[in-house]
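Participant: Numbering (the working numbering), first residue to last: 440 to 502.
Here it is: the structure, laid out below.
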């Protein structure tokens, strides 16, 4: 799917979030990477095969 050189990480790679952003809709809270992964503002992900990856827990501030 990726046409970049060097090629971006695949959707199955551990560093898949490092792929290039090809569509960004901040008003809707999501962006599409060139490897087919949809990233959401809460850090959740939708994989090209339809699987969802839950949002990572934020560490927050220990006040």
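In this text, a Cβ means the ideal position worked out from N, Cα and C, and glycines have one as well.
When you compare each of 492, 444, 474, 450 to residue 481 by their alpha carbons, which one comes out closest?
Facilitator: Ranking 492, 444, 474, 450 by Cα distance to residue 481 puts 492 first.
Participant: Drop a sphere of 10 angstroms on the beta-carbon of residue 472, count the other beta-carbons inside from all chains shown, and report buried for 16 or more, exposed for fewer.
Facilitator: Label assigned to residue 472: buried.
Participant: Under the assumption that residue 450 contacts residue 487 (Cβ atoms under 8 Å), give the Cβ distance between them as a whole number of angstroms.
Facilitator: Yes, residue 450 and residue 487 are in contact; Cβ-Cβ is about 5 Å, under 8 Å.
Participant: Mind checking residue 447: buried by the 16 CB within 10 Å criterion, or exposed?
Facilitator: Buried, by the Cβ-count rule.
Participant: When you compare each of 467, 453, 474, 468 to residue 460 by their alpha carbons, which one comes out closest?
Facilitator: It is 474 whose Cα lies nearest to the Cα of residue 460.
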